[in-house]
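Protein chains in written order, with our numbering: chain V, 2 to 254; chain W, 2 to 254.
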């Protein structure tokens with residue numbers, strides 16, 4: 002079983018070598034430009050797959066697909082009509098670099114590439130999990146823009162859906178049946194909410210504005226504890242998954 | 002085997018009853034608003050499925066998925082940063098009616114719903130065909146915006162891809178093997194190009210500007226003949242498919 006760092010290196014290498022569809026032509030450049038970052042979601046997918054007895058390589062196209070859905074969501078979320086952000090990960094956002102039209106099409110292409118990749122699996126339920134998570138995430142963005150919904154409800158959709166997707170896809174790849182799924186998905190949801198609260202702590206917004214720094218830290222600790230408790234229910238070697246949860250709880254970037 | 006009109010009624014009823022994912026919340030309204038029109042692509046999918054010996058109902062989720070990909074492409078194509086169209090099918094476009102942010106998210110949701118629907122099939126190759134066609138279509142939009150490419154190259158991607166998709170998906174659903182695919186896909190490509198040339202004839206632009214009205218009509222006739230010639234190679238009852246080709250060649254709206 003490989004460490005989280007080894008899995009991340011595997012994902013990074015696969016992304017660097019990823020051949021986007023030749024028909025995309027000049028969109029290949031903004032598509033590649035949009036992909037990158039911490040790669041938490043694909044690493045989570047591979048770690049879950051390995052804990053479930055698969056080789057990480059078997060889950061790699063699915064893991065990349067989840068990352069492309071995440072990238073798609075960022076490209077469209079950054080657009081002037083949505084969050085209107087010009088900088089992400091220390092460089093210009095896709096629309097700031099390539100223009101708005103290209104950013105819309107590149108986001109669309111990322112989403113379609115994600116489904117092309119996930120459909121290389123012979124299990125249609127993997128595709129269904131990714132589609133369901135994508136729809137939840139989009140619904141969460143809508144809820145966020147509308148305002149008025151409890152913050153945690155927004156982030157169960159907007160953020161946690163793309164932490165649940167890599168785990169749900171790994172479960173589908175491994176053919177895990179219904180009654181073992183609950184603890185796995187609880188782990189993923191708690192991880193997603195932990196990620197979001199820590200994000201807000203690092204940015205000083207969101208949950209920090211709502212609960213204060215101490216309240217937000219306590220909430221992060223609750224979600225971290227929830228993630229570890231869910232892992233403890235699983236009859237697998239959860240060492241790498243526990244490390245991922247610890248890394249998310251203590252990250253400073 | 003049902004007529005094209007009967008198949009269209011089947012598609013229209015299924016679209017009217019289509020339950021979009023509850024997580025989409027308020028996006029359900031613009032998503033539903035965006036769907037409609039002539040329903041050529043899903044009818045083509047069902048007609049191909051029936052000619053291949055399937056019940057149309059078996060292909061219905063896939064047929065709807067193709068239509069949702071088409072709807073997604075129109076919603077994003079109409080956006081201010083792309084074609085900037087305020088009217089489609091005699092009513093305000095999605096962004097004109099609901100705002101740009103909602104139109105971007107509704108388009109994203111339509112694409113994700115399409116993959117949710119197509120993945121209800123147990124055949125991942127159907128998902129792969131739809132993803133491939135979507136990527137070709139997006140690549141065609143990019144090529145169109147760049148300018149300079151031959152018009153027919155643009156429309157092989159931008160337009161014909163979503164005529165090939167319903168046929169390719171029906172072939173995948175029916176488990177048709179490689180050597181029977183060629184004539185089927187030639188039929189679909191010719192149909193797509195026929196559709197586009199007639200569109201330009203009705204709008205007085207595109208191929209009409211390039212070739213004049215007589216030249217465009219001759220080109221339409223060529224593509225219609227190409228579609229019928231491909232059908233003649235198939236060892237199936239192609240009556241309904243021939244009717245679809247005739248309807249596209251002679252349509253006035």
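C-beta: ideal position from N, C-alpha, C; glycine also.
All values reported here derive from a predicted model rather than from experimental measurement.
Just to check my reading of the structure: residue 125(V) and residue 128(W) have Cβ atoms closer than 8 Å, yes? What is that Cβ distance to the nearest angstrom? Along the first chain, one-based indexing puts residue 125(V) at 124. Along the second chain, one-based indexing puts residue 128(W) at 127. Between the beta-carbon of residue 125(V) and that of residue 128(W) there is about 7 Å, and that keeps the pair under the 8 Å contact cut.
Does residue 135(V) come within less than 8 Å of chain W when only Cβ atoms are used? By one-based count along the first chain, residue 135(V) stands at place 134. Among the residues facing chain W, residue 135(V) is included, as its CB has a counterpart in that chain under 8 Å away.
Please state the DSSP three-state secondary structure of residue 39(V). Residue mapping note: residue 39(V) aligns to position 38 of the first chain, counting from 1. In the structure shown, the three-state DSSP call for residue 39(V) is coil.
I believe residue 157(W) touches residue 132(V) by the beta-carbon criterion, under 8 Å. Please report the beta-carbon distance rounded to the nearest angstrom. One-based indexing of the second chain puts residue 157(W) at position 156. One-based indexing of the first chain puts residue 132(V) at position 131. Not really, about 28 Å apart at Cβ, beyond 8 Å.
Proximal residues, the region 79-103 of chain W versus chain V, C-beta separation under 7 Å: Within the region 79-103 of chain W, the residues whose Cβ lies closer than 7 Å to some Cβ of chain V are 80, 82, 83, 101, 102, listed in chain order.
7 Å Cβ shell around residue 111(W) - same chain, five flanking residues per side excluded: One-based indexing of the second chain puts residue 111(W) at position 110. Excluding residues within five positions, the ones whose Cβ falls inside 7 Å are 32, 35, 69, 72, 73, 76.
If we cut at 8 Å on Cβ distances, does residue 30(W) have a partner in chain V? In the second chain, the residue the question calls residue 30(W) occupies position 29. For residue 30(W), the nearest beta carbon of chain V is not closer than 8 Å to its own beta carbon.
Kindly list, in the order they appear in chain V, the residues whose Cβ is closer than 7 Å to that of residue 77(W). What you label residue 77(W) is simply residue 76 of the second chain in a count that begins at 1. Within chain V, the residues near residue 77(W) are 105, 109.
Classification of residue 203(V) by the beta-carbon crowding that lies within 10 angstroms, buried from 16 upward: Reading the first chain from its first residue, position 202 is the one you call residue 203(V). Residue 203(V) should be labelled exposed.
For chain W, is any of its Cβ atoms less than 8 Å away from the one on residue 206(V)? Here the question's residue 206(V) lines up with position 205 in the first chain. By this cut-off, residue 206(V) is not an interface position.
Cβ of residue 72(V) within 8 Å of any chain W Cβ: What you label residue 72(V) is simply residue 71 of the first chain in a count that begins at 1. Using beta-carbon distances, residue 72(V) does not count as an interface residue toward chain W, since no partner is under 8 Å.
Mapping the DSSP letters down to three states, classify residue 183(W) as helix, strand or coil. Numbered from 1 along the second chain, position 182 holds the residue referred to as residue 183(W). It is helical.
Of the residues 245(W), 238(W), 60(W), 208(W), which one's Cα is nearest the Cα of residue 226(W)? For this step, residue 226(W) is matched to residue 225 along the second chain. Nearest C-alpha to residue 226(W): 245(W).
In DSSP terms, what residue 92(W) is bridged to: If you number the second chain from 1, residue 92(W) lands on position 91. According to DSSP, residue 92(W) shares a beta bridge with 89(W).
For a quick check, are the C-beta atoms of residue 236(V) and residue 2(V) less than 8 Å apart? Taking the first chain and counting its residues from 1, one reaches residue 236(V) at position 235. Taking the first chain and counting its residues from 1, one reaches residue 2(V) at position 1. Contact: no.
Can you grab the Cα-Cα spacing for the pair residue 198(V) / residue 222(V), in whole Å? What you label residue 198(V) is simply residue 197 of the first chain in a count that begins at 1. What you label residue 222(V) is simply residue 221 of the first chain in a count that begins at 1. One C-alpha to the other measures close to 10 Å.
Quick one: list the residues of chain V neighbouring residue 142(W), beta-carbon separation under 8 Å, in chain order. Here residue 142(W) corresponds to residue number 141 of the second chain, with the count starting at 1. Chain order gives the chain V residues near residue 142(W) as 106, where near means a beta carbon separation below 8 Å.
Could you give the DSSP three-state label for residue 67(V): helix, strand or coil? Here residue 67(V) refers to the residue found at position 66 when the first chain is read from its first residue. Helix at residue 67(V).
Listed in chain order, which residues of the region 190-219 of chain W have Cβ atoms closer than 7 Å to some Cβ of chain V? Closer than 7 Å at the C-beta level to chain V, one finds no residue of the region 190-219 of chain W.
Would you give the residue range spanned by the alpha helix (DSSP H) that residue 138(V) belongs to? On the first chain, position 137 is the one that residue 138(V) refers to. Start and end: 125-147.
Residue 74(V), DSSP secondary structure in three states: Start at 1 with the first residue of the first chain, and residue 74(V) comes out as number 73. In the structure shown, residue 74(V) adopts helical secondary structure according to DSSP, grouped into three states.
Whose Cβ in chain V lies nearer than 7 Å to the Cβ of residue 146(W)? Residue mapping note: residue 146(W) aligns to position 145 of the second chain, counting from 1. Per Cβ cutoff of 7 Å: 102.
Scan the region 14-30 of chain W for residues whose Cβ lies nearer than 9 Å to a Cβ of chain V and list them as they occur along the chain. From the region 14-30 of chain W, only 21, 22, 23, 24, 25, 26, 27, 28 have a Cβ closer than 9 Å to chain V.
Are the region 11-21 of chain V and the region 89-96 of chain V in contact at 8 Å, needing three or more beta carbon pairs? These segments do not touch.
Note down, in chain order, every chain V residue with its Cβ under 8 Å from the Cβ of residue 112(W). Here residue 112(W) is taken as the residue at index 111 of the second chain, counted from 1. The answer, in chain order, is 109, 112, 113.
By a C-beta neighbour count over all protein chains shown, 10 Å radius and 16 as the cutoff for buried, is residue 90(W) buried or exposed? Your numbering for residue 90(W) matches position 89 in the second chain. With fewer than 16 neighbouring CB atoms inside 10 Å of its own CB, residue 90(W) falls in the exposed class.
Start-to-end residues for the alpha helix (DSSP H) that takes in residue 166(V): Taking the first chain and counting its residues from 1, one reaches residue 166(V) at position 165. Where residue 166(V) is concerned, the enclosing alpha helix (DSSP H) starts and stops at 162-175.
Are the region 154-171 of chain V and the region 51-65 of chain V touching by the rule of at least three beta carbon pairs closer than 8 Å? Yes, since at least three Cβ pairs between the region 154-171 of chain V and the region 51-65 of chain V fall closer than 8 Å, the two stretches touch.
Alpha-carbon spacing of residue 134(V) relative to residue 87(W), whole angstroms: Position 133 of the first chain, counting from 1, holds the residue named residue 134(V). Position 86 of the second chain, counting from 1, holds the residue named residue 87(W). Rounded to whole angstroms, residue 134(V) to residue 87(W) spans 31 Å at the Cα level.
Is there a Cβ from chain V that is less than 8 Å from the Cβ of residue 129(W)? Here residue 129(W) is taken as the residue at index 128 of the second chain, counted from 1. Yes - at least one Cβ of chain V is within 8 Å of the one on residue 129(W).
Residues of chain W with CB under 8 Å from residue 158(V), in chain order? Start at 1 with the first residue of the first chain, and residue 158(V) comes out as number 157. Per Cβ cutoff of 8 Å: 24.
Tell me which residue opens and which closes the alpha helix (DSSP H) that residue 11(W) is part of. Here residue 11(W) refers to the residue found at position 10 of the second chain. Where residue 11(W) is concerned, the enclosing alpha helix (DSSP H) stretches over 5-18.
Of the residues 190(W), 215(W), 212(W), 233(W), the one placed nearest residue 255(W), counting alpha carbons only: Nothing in the structure corresponds to residue 255(W), since chain W is present only between 2 and 254.
Against chain W, with Cβ distances strictly below 8 Å, would residue 188(V) count as a contact? Here residue 188(V) refers to the residue found at position 187 when the first chain is read from its first residue. No - not a single Cβ of chain W is within 8 Å of the one on residue 188(V).
Using C-beta distances below 7 Å, list every residue in its chain close to residue 217(W), excluding the 5 sequence neighbours before and after it, in chain order. Position 216 of the second chain, counted from the start, is the residue given in the question as residue 217(W). Short of 7 Å from the beta carbon of residue 217(W), and not among the five residues preceding or following it, lie these beta carbons of its own chain, in chain order: 198, 201, 202, 208, 209.
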